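> Supplied in structure tokens, the structure appears directly below.
Number of protein chains: 2
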Amino acid sequence: MFRVSLIPIRSGSSSGSPSSSGSGAERSDAARNRELLLCAARQLVEECGADGVTMDKLAERAGVGKGTVFRRFGSRAGLMMTLLSDAEAEFQGRFMFGPPPLGPGAPPLERLIAFGAERIRYVMEYGELARAAEASLHNRFEAPAAVLWHRHIEHLLRSAGFDADPWLMAMSLSATLEPERLLHAVRVQHLSPERLEESWRELVTRVAGGVEG
Amino acid sequence: MFRVSLIPIRSGSSSGSPSSSGSGAERSDAARNRELLLCAARQLVEECGADGVTMDKLAERAGVGKGTVFRRFGSRAGLMMTLLSDAEAEFQGRFMFGPPPLGPGAPPLERLIAFGAERIRYVMEYGELARAAEASLHNRFEAPAAVLWHRHIEHLLRSAGFDADPWLMAMSLSATLEPERLLHAVRVQHLSPERLEESWRELVTRVAGGVEG
DNA sequence: ATAATATCCGGACTGCAGTCCGTTTAGTCT
DNA sequence: AGACTAAACGGACTGCAGTCCGGATATTAT
């Protein structure tokens with residue numbers, strides 16, 4: 013089907029491999045600053061929350077110039093994605109290659125249900141960062157991770173025998189799982205994650221459940 | 013059921029009634045500036061597109077100070093909502109009090125289908141403004157208009173006999189109809205509005221169609 | 001060691017939303 | 001008309017993301 017390798021959300025993993033790019037290795041001062049920045053960023057998220065982290069504060073805390081911050085991460089969204097990359101890669105690995113029901117092996121509908129449940133748990137844990145990343149992103153729908161989830165849902169829909177425009181249906185389903193929406197439901201409307209999971213199960217069952225197998 | 017009157021999205025309607033608030037009437041200079049601002053805002057949207065309109069440009073074009081712009085509209089989101097208010101009120105009137113199948117009289121499922129179809133058309137016409145409004149809004153989910161749509165969908169779900177968490181299901185359904193998403197589907201993915209409508213029909217039919225009546 | 005150079009660094013700069021407060025003015029009261 | 005007051009005005013100011021470019025530095029070649 014698809015030839016999808018694990019999408020490297022961002023280069024700067026926690027126990028990051030300094031030199032993995034093609035041509036010349038990373039300069040030592042650059043490597044030092046990257047560690048400084050990642051460390052400072054995690055501190056700041058701890059202290060101020062994801063929304064409270066500004067690029068200026070980060071530069072000051074890390075003891076580097078503002079330009080360095082932007083050269084490293086490209087944008088505020090890039091910073092947030094970098095901070096998420098480990099958790100994100102782990103999640104991707106589980107739903108693509110991990111054990112059922114999330115990974116391959118289980119029936120598509122069950123995988124779809126498990127995907128939503130896991131995604132909800134993920135957002136409960138990392139939602140602030142994920143929301144901050146999306147918020148400062150020009151086009152939320154073309155982020156590599158978002159594209160991957162979309163394709164995954166679309167693939168599961170097809171496997172479940174859903175034949176009426178899986179692309180658009182995947183769009184609708186993934187909209188339900190967006191961090192900002194889930195966080196609003198839980199934090200503002202005080203709905204429990206379990207209730208979200210139950211509603212997701214209901215939704216995907218009705219959408220993809222009643223098709224001829 | 014609900015006691016919902018037409019929600020006045022914003023005070024500054026096109027052929028606006030200058031004095032309708034409670035206590036003192038609007039001062040004449042304020043009224044003049046409001047007209048100046050609305051006129052300039054529409055010009056700028058015409059020229060630059062909704063995303064290209066800045067509060068500074070608007071102030072300069074209208075020949076007023078920046079403070080005046082913010083006193084009038086409160087925020088960029090407020091400005092956009094004001095520009096949308098006529099179209100929005102008209103749409104609200106139609107789905108709440110208008111003729112079937114959008115308005116009362118038709119079966120709930122048909123009303124739901126019609127609601128999505130109309131909403132898609134609405135976004136095709138005013139989507140830029142709507143997206144700009146949502147983009148510069150701290151909490152997209154608590155905008156009066158968003159709350160009203162949500163309640164309307166929830167109400168139709170209940171009327172259709174949907175008993176499994178209509179609130180959350182309404183959240184999922186309204187997520188599908190968000191301007192940013194629809195615009196992305198049409199403008200970037202080049203899907204036709206008709207295809208969006210068809211997918212919406214499929215979605216709501218599966219979600220709310222197979223219930224005991 | 002020295003020179004050459006590609007890369008990196010830093011912080012001043014821009015454009016934007018939103019705030020603040022001293023000043024002006026429209027409406028009112030005498 | 002003249003004084004009074006509440007409201008409106010305007011633009012300087014802050015905080016933020018993101019850009020730019022002259023200068024510093026790590027690395028490599030000789």
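First to last, the sequence lines map onto chains A and B. Quick note: to get the working numbering, add 12 to the position in the first sequence (first position is 1). Quick note: to get the working numbering, add 12 to the position in the second sequence (first position is 1). Just so you know, even glycine gets a beta-carbon here, dropped at the ideal spot from N, CA and C. Just so it is clear, the structure is predicted and the values come from calculations on it, not from any experiment.
(1) For ALA229(B), name the three-state secondary structure that DSSP assigns.
(2) Considering GLU192(B), what are the terminal residues of the alpha helix (DSSP H) in which it resides?
(3) Report the neighbours of THR188(B) on chain A: residues whose CB is nearer than 7 angstroms to its CB, in chain order.
(4) Would a C-beta distance cut-off of 7 angstroms place ALA53(B) and LEU70(B) closer than the cut-off?
(5) Exposed or buried, GLN201(A), counting other C-beta atoms within 10 Å across all chains shown (16 or more means buried)?
(6) Nearest chain A C-beta to GLU214(B) closer than 7 angstroms, yes or no?
(7) Taking DSSP's pairing of strands, which residues face PRO116(A) in a bridge?
(8) So, under 8 angstroms CB-CB, SER211(A) and ASP175(B) are touching, yes? Tell me the CB distance rounded to an integer number of Å.
(9) As a quick exercise: from GLY77(A), ALA197(A), MET181(A) and GLY86(A), pick the residue whose alpha carbon is nearest that of HIS164(A).
(10) Between ALA126(A), MET183(A) and VAL198(A), which lies nearest to VAL198(B) when the distance is taken from Cα to Cα?
(11) Report the three-state DSSP secondary structure of ASN151(B) (helix, strand or coil).
(12) Indicate whether at least one CB of chain A lies closer than 7 angstroms to the CB of SER204(B).
(13) If I measure Cβ to Cβ from ALA195(A) and keep anything under 7 angstroms in the same chain, skipping five residues before and after, which residues do I get?
(14) Could you check the C-alpha separation between GLY105(B) and ARG123(B) for me, to the nearest Å?
(15) If we define contact as Cβ-Cβ less than 7 angstroms, is SER211(A) a contact residue for chain B?
(16) Taking ALA176(A) as the query, report the chain B residues whose CB atoms sit under 7 angstroms from its CB, ordered along the chain.
(17) So if I threshold CB-CB distances at 7 angstroms, which residues from the segment 107-130 of chain A count as touching chain B?
(18) Mind checking if GLY34(A) is an interface residue toward chain B, Cβ cutoff 7 angstroms exclusive?
(19) State the Cα-Cα distance for the pair SER33(B) and ARG44(B), rounded to the nearest angstrom.
(20) Could you tell me the alpha carbon to alpha carbon distance between ALA89(A) and ALA62(A), rounded to whole angstroms?
(21) Could you tell me the distance, in whole angstroms, from the CA atom of PHE103(A) to the CA atom of ALA158(B)?
(22) Report the rounded CA-to-CA distance for THR66(A) versus GLU209(B), giving the unit in angstroms.
(23) Spell out whether any CB of chain B is found under 7 angstroms from the CB atom of ARG218(A).
(24) ALA118(B) to ALA101(B), Cα distance in whole Å?
(25) Note down, in chain order, every chain B residue with its Cβ under 8 angstroms from the Cβ of ARG193(A).
Let's see:
(1) The first residue shown for chain B is 13 and the last is 225, placing residue 229(B) beyond what the model contains.
(2) Counting along the chain, the unbroken alpha helix (DSSP H) around GLU192(B) starts and ends at 191-195.
(3) In chain order: SER184 and ALA187.
(4) Contact: yes.
(5) By the 10 Å Cβ count, GLN201(A) comes out exposed.
(6) It does: the Cβ of GLU214(B) has a partner Cβ on chain A nearer than 7 angstroms.
(7) In the DSSP output, where bridge partners are listed per residue, PRO116(A) has ALA118(A).
(8) Rounded, the Cβ-Cβ distance is 12 angstroms, inconsistent with contact.
(9) Cα-wise, what sits closest to HIS164(A) is MET181(A).
(10) Ranking ALA126(A), MET183(A) and VAL198(A) by Cα distance to VAL198(B) puts MET183(A) first.
(11) In the three-state reduction of the DSSP assignment, ASN151(B) falls in the coil class, being assigned neither a helical nor a strand state.
(12) No, SER204(B) does not count as interfacial toward chain A.
(13) It is Leu, not Ala, that sits at residue 195(A) in the sequence shown. Within the same chain, VAL135, GLY139 and ARG143 come within 7 angstroms of LEU195(A) by CB-CB distance, once the 5 residues on both sides are set aside.
(14) The C-alpha of ARG123(B) is placed about 14 angstroms away from the C-alpha of GLY105(B).
(15) True, the Cβ-Cβ gap to chain B drops below 7 angstroms.
(16) At a C-beta separation below 7 angstroms, ALA176(A) has these neighbours in chain B: GLU214.
(17) Within the segment 107-130 of chain A, contact with chain B at the beta-carbon level (separation under 7 angstroms) is assigned to no residue.
(18) Caution applies to GLY34(A), whose pLDDT of 44 falls short of 50 and renders its modelled position unreliable; the model cannot decide the point.
(19) Low confidence applies to SER33(B): its pLDDT is 40, below 50, so where it sits in the model is not reliable, and the reading given next is rough at best. Roughly 17 angstroms separates the two Cα atoms.
(20) Their backbone Cα atoms lie some 11 angstroms apart in a straight line.
(21) PHE103(A) and ALA158(B) have their C-alpha atoms roughly 32 angstroms apart.
(22) Near 41 angstroms, if we compare the C-alpha coordinates of GLU209(B) and THR66(A).
(23) Output row for ARG218(A): interface = yes.
(24) Going by the C-alpha atoms only, they are around 21 angstroms apart.
(25) Annotation: Cβ neighbours of ARG193(A) in chain B (cutoff 8 angstroms, chain order): PHE153, MET183 and ALA187.
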